[in-house]
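Participant: Every position in the sequence shown, counted from 1, becomes a number in the working numbering once 106 is added.
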Amino acid sequence: MYLYGAFKLLKDSLTAHPAPRNLIGKRAMACLNENEICVKAPWGNIRGLTWGNPSNPPVLLCHGKLDASSGFRPLVSLLPDSFYYVAIDLPGNGRSDHLPPGVRYTVIDLVPAVIKVREHFKWDKFIYIGHSLGVPIGKFFNIAHPGYVTRMVEVDPVPAHHTWPTTRQGMRKWFHDYYGFYEEKKYAKFNGGPETAPSYSYEKAQELMMKARSLSKEASAHVLERVLVPAENGLYRFTYDQRMKEVTVLPFSGELLQKIYTPTTTPTFCVLAQGMIDYGAYTEVPFVMDPTCWPNIDYKYKIVEGGHDVHIDNPSCMADDIAKFILEEFKSKL
Numbered sequence: 107m108y109l110y111g112a113f114k115l116l117k118d119s120l121t122a123h124p125a126p127r128n129l130i131g132k133r134a135m136a137c138l139n140e141n142e143i144c145v146k147a148p149w150g151n152i153r154g155l156t157w158g159n160p161s162n163p164p165v166l167l168c169h170g171k172l173d174a175s176s177g178f179r180p181l182v183s184l185l186p187d188s189f190y191y192v193a194i195d196l197p198g199n200g201r202s203d204h205l206p207p208g209v210r211y212t213v214i215d216l217v218p219a220v221i222k223v224r225e226h227f228k229w230d231k232f233i234y235i236g237h238s239l240g241v242p243i244g245k246f247f248n249i250a251h252p253g254y255v256t257r258m259v260e261v262d263p264v265p266a267h268h269t270w271p272t273t274r275q276g277m278r279k280w281f282h283d284y285y286g287f288y289e290e291k292k293y294a295k296f297n298g299g300p301e302t303a304p305s306y307s308y309e310k311a312q313e314l315m316m317k318a319r320s321l322s323k324e325a326s327a328h329v330l331e332r333v334l335v336p337a338e339n340g341l342y343r344f345t346y347d348q349r350m351k352e353v354t355v356l357p358f359s360g361e362l363l364q365k366i367y368t369p370t371t372t373p374t375f376c377v378l379a380q381g382m383i384d385y386g387a388y389t390e391v392p393f394v395m396d397p398t399c400w401p402n403i404d405y406k407y408k409i410v411e412g413g414h415d416v417h418i419d420n421p422s423c424m425a426d427d428i429a430k431f432i433l434e435e436f437k438s439k440l
């Protein structure tokens, strides 16, 4: 039954987006044009970047917390030119509009951004690449709206695997960690307009980003171009919605996450950063490094040297593996 379903999914994807003739001949995206997009949503605009020909099979890329679509540029430049890459700025990030005042940012409340982008482009099928927070957003979209995502690439999916003890004490800690947001002073700070954000020189803003995310100067520049706006006296402010600093994840244990994630029939390739493994980010979710825990045998993973944002600083350590994985979507039909 599973093999029939997998074949039908591949057939449907090929019907919606026929494989280009040059699919196997992998060529870098570096020479292709980059374009800005704007997708209308009920709360405002979702902005982002695209690379490639819109008639090619689509790949949606979704970044992590306090990031921007341009952070995917180094990776996309090394991927096959046979796809249409669409990277969005999540609400409250980059150049996208913020959610309405008073609303709490949660993983689930960011899923509608993916829904609106899919509807805008009228995609019947697409490949999904997520980094960090972008991974659980994609996972829950795939659970709520099955059949659209044909392949899932997870780049260091730490937030997807945050765990909490499923005890009374664990739920109490989870609540106080995330919902202190409604305390008066914190609420005022998190819901203040952009004008309340501190101002920095470009050099200081870059220094802060390089330190916070362990990025090189060159890598940080990719992100900074979409997350800074001019302020007074030649200074800059970050565009981030302050509420994005504490995005709420669901209070699941490692055992519950395994029951939710592993039954997927969507082929999945996961890239894990050694630095985050050493930090202990995946200690409570051993299934992430055990393909035998995935009953449909559709899960692969790779460990790469580096930190959480290694896809920006050193995309070459994963680009060939990701390219091979997404090309498998169509190889059997060529």
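All C-beta atoms, glycine included, are put in the ideal place defined by N, C-alpha and C. Predicted, not measured: the structure shown is a model, and the values here were computed from it.
Give the range of the beta strand (DSSP E) segment to which W157 is assigned.
Facilitator: 150 to 157 is the extent of the beta strand (DSSP E) around W157.
Participant: Output the distance between the C-alpha atoms of A425 and N248, rounded to the nearest integer angstrom.
Facilitator: Computed Cα separation, rounded: 23 angstroms.
Participant: Count the other CB atoms, across all protein chains shown, that sit within 10 Å of the CB of Y385; report buried if there are 16 or more and exposed otherwise.
Facilitator: Counting Cβ neighbours within 10 Å, Y385 comes out exposed, since fewer than 16 surround it.
Participant: Who are the Cβ neighbours of K408 in its own chain at under 8 angstroms, not counting the five residues just before and after it?
Facilitator: Excluding positions up to five away in sequence, the list reads F375, C376, V377, L378, M424, D427.
Participant: For the alpha helix (DSSP H) holding P336, just list the boundary residues, first then last.
Facilitator: No alpha helix (DSSP H) holds P336; the beta strand (DSSP E) holding it covers 334 to 336.
Participant: What are the start and end residues of each continuous beta strand (DSSP E) run of 3 or more residues lying completely inside the region 283 to 361, in chain order?
Facilitator: Whole beta strand (DSSP E) segments, 3+ residues: 334 to 336, 342 to 344.
Participant: Here's a check: name, in chain order, each residue in its chain whose Cβ is nearer than 6 angstroms to the Cβ of P148, leaving out the five neighbours to either side.
Facilitator: For P148, where only same-chain residues beyond five positions count, there are no Cβ hits under 6 angstroms.
Participant: Identify whether F189 lies in helix, strand or coil by the three-state DSSP scheme.
Facilitator: It is coil, neither helix nor strand.
Participant: Measure the alpha-carbon distance for P160 versus Y190 and round it to whole angstroms.
Facilitator: Their Cα atoms are separated by approximately 5 angstroms.
Participant: So if DSSP puts Y234 in a beta bridge, which residue, or which two residues, is it bridged to?
Facilitator: For Y234, which the question treats as bridged, DSSP gives the partners L166, M258.
Participant: Out of curiosity, what's the CA-to-CA distance linking L394 and L205?
Facilitator: Just to set this straight, residue 394 is Val in the shown sequence, not Leu. Answer to the nearest angstrom: the Cα atoms are 32 angstroms apart.
Participant: Under 7 angstroms, do F246 and P164 count as touching if we go by C-beta distance?
Facilitator: Going by C-beta atoms, F246 is not nearer than 7 angstroms to P164.
Participant: Would you call the region 346 to 366 and the region 266 to 283 touching, i.e. three or more CB-CB distances under 8 angstroms?
Facilitator: Result yes; three or more Cβ-Cβ pairs closer than 8 angstroms.
Participant: Output yes or no for whether 7 angstroms exceeds the beta carbon distance between H328 and G236.
Facilitator: Contact: no.
Participant: Tell me the DSSP secondary structure of K146 in three-state form.
Facilitator: In this structure, K146 counts as strand in the three-state DSSP scheme.
Participant: My understanding is that Y346 touches Y308, with C-beta atoms under 8 angstroms, so please give their C-beta distance in whole angstroms.
Facilitator: The Cβ separation is near 16 angstroms, so there is no contact.
Participant: Tell me the DSSP bridge mates of T371?
Facilitator: Paired residues: none, contrary to the question.
Participant: Bridge partners for A379 per DSSP, in chain order?
Facilitator: According to DSSP, which records beta bridges pairwise, A379 is partnered with V410.
Participant: Provide the residue span of the alpha helix (DSSP H) that contains F436, from first to last.
Facilitator: From DSSP, the alpha helix (DSSP H) with F436 extends over 422 to 437.
Participant: Who does I194 pair with in a DSSP beta bridge?
Facilitator: Paired residues: G154, C168.
Participant: Compare the Cα-Cα distances from A294 to each of D173, I152, K430, G208 and report the closest residue.
Facilitator: Closest by alpha carbon: G208.
Participant: Is it true that the CB of V261 sits closer than 7 angstroms to the CB of H417?
Facilitator: Yes, the Cβ-Cβ distance between H417 and V261 is below 7 angstroms.
Participant: From K310, I194, L181, pick the residue whose C-alpha is nearest to that of N141; which is it?
Facilitator: That would be I194, whose Cα lies nearest to the Cα of N141.
Participant: Assign L115 to one of three DSSP states: helix, strand, or coil.
Facilitator: Confidence at L115 is low in this model, with a pLDDT of 33, below 50, so the placement of that residue is unreliable and no value is reported for it.
Participant: Could you tell me if I243 is buried or exposed, where buried requires 16 or more neighbouring beta carbons within 10 angstroms of its beta carbon?
Facilitator: Result: buried.
Participant: When the distance is taken between beta carbons, is A174 closer than 7 angstroms to R274?
Facilitator: No.
Participant: Figure out for me which residue from H414, V255, A266, E225 has the closest Cα to the Cα of G360.
Facilitator: Here the closest residue by C-alpha is A266.
Participant: Within a Cβ cutoff of 7 angstroms, which residues of the same chain sit near L216, ignoring the five residues on either side of it in sequence?
Facilitator: Counting only Cβ-Cβ distances below 7 angstroms, and skipping sequence neighbours, we find L196, P197, I243.
Participant: I'd like the span of the alpha helix (DSSP H) that includes D404, first residue to last.
Facilitator: No alpha helix (DSSP H) holds D404; DSSP gives it neither H nor E.
Participant: Which term fits L314, buried or exposed, when burial requires 16 or more other beta carbons within 10 angstroms of its beta carbon?
Facilitator: The residue is exposed, with fewer than 16 neighbouring Cβ atoms inside 10 Å.
Participant: What residue range is occupied by the uninterrupted alpha helix (DSSP H) comprising H268?
Facilitator: Neither: H268 is in no alpha helix (DSSP H) and is coded neither H nor E.
Participant: Would you grab the beta carbon distance between E435 and R257 for me? Rounded to a whole angstrom, and I think it's under 8 angstroms.
Facilitator: Yes, E435 and R257 are in contact; Cβ-Cβ is about 6 angstroms, under 8 angstroms.
Participant: At what residues does the alpha helix (DSSP H) containing L184 begin and finish?
Facilitator: Careful: L184 lies outside any alpha helix (DSSP H) and carries neither H nor E.
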